[in-house]
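A.B. asks: Sharing a structure with you now.
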Amino acid sequence: MSELSNTASTGALHDDSVAIAFQKAVATPGKNRKTDLRVKKVELVVRCQELARFLRGFNELNWAGWIEDNIVELRHDSRVGIAHLLEGYNGIGAISDLYLCPEAGHRLTVRDEAAINEQLLLMLAKVNQLALEINRRDVRGGKGS
């Protein structure tokens, strides 16, 4: 199990365990490449948690659940979790195609639609950017979870 592993056997999200892992990871910033990669992995989990909460807040339960499943995978085996996460950004119907609107049953007003979707795109881009960066470093460095 990796350092990002969830301490509870239920698979539920626990912000405290992520915060503790993050504190450990940044205790010696820049010390070495392995520490920097660990910080990126913790940041990815945190960003995914934020994204899942954001989506749930607007009643987008399908993609929120998918992100939460990825968090569990990331904590168990970061390579598998990152591969699965990146797959969700490819093809028709990908998470990057998601658009939140009242017509689709999302909890938001038409007036707020543009701003909320702009925020969603920024969050999705950050998660994708982190996952790609970690994936490149893992492949180059031969480092596991």
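In terms of my numbering, the sequence shown is residues -5 to 139.
For each residue, glycine too, the CB sits at the ideal point set by N, CA and C.
With H, G and I counted as helix, E and B as strand and the rest as coil, what does DSSP make of residue 54?
C.D. replies: Residue 54 sits in coil when the DSSP states are folded into three classes, being neither helix nor strand.
A.B. asks: Given this structure, state the Cα-to-Cα distance separating residue 110 from residue 85, to the nearest angstrom.
C.D. replies: 23 Å
A.B. asks: Taking the C-alpha atoms as reference points, what is the distance between residue 122 and residue 55?
C.D. replies: Taking the straight line from one Cα to the other gives about 20 Å.
A.B. asks: Determine the burial state of residue 53: buried for a count of at least 16 other Cβ atoms within 10 Å of its Cβ, exposed for fewer.
C.D. replies: exposed
A.B. asks: When the Cα atoms are used, what is the spatial distance from residue 73 to residue 132?
C.D. replies: 8 Å
A.B. asks: Could you pull out every residue in the same chain whose Cβ sits closer than 7 Å to the Cβ of residue 129, ignoring the five residues on either side in sequence?
C.D. replies: 76, 80
A.B. asks: Threshold first: 4 residues or longer. Then list the alpha helix (DSSP H) segments lying entirely within the region 63 to 95, N to C.
C.D. replies: 72 to 81
A.B. asks: Can you tell me the Cα-Cα spacing of residue 94 and residue 32, whole angstroms?
C.D. replies: 32 Å
A.B. asks: Does the separation of the CB atoms of residue 65 and residue 104 fall below 7 Å?
C.D. replies: Going by C-beta atoms, residue 65 is not nearer than 7 Å to residue 104.
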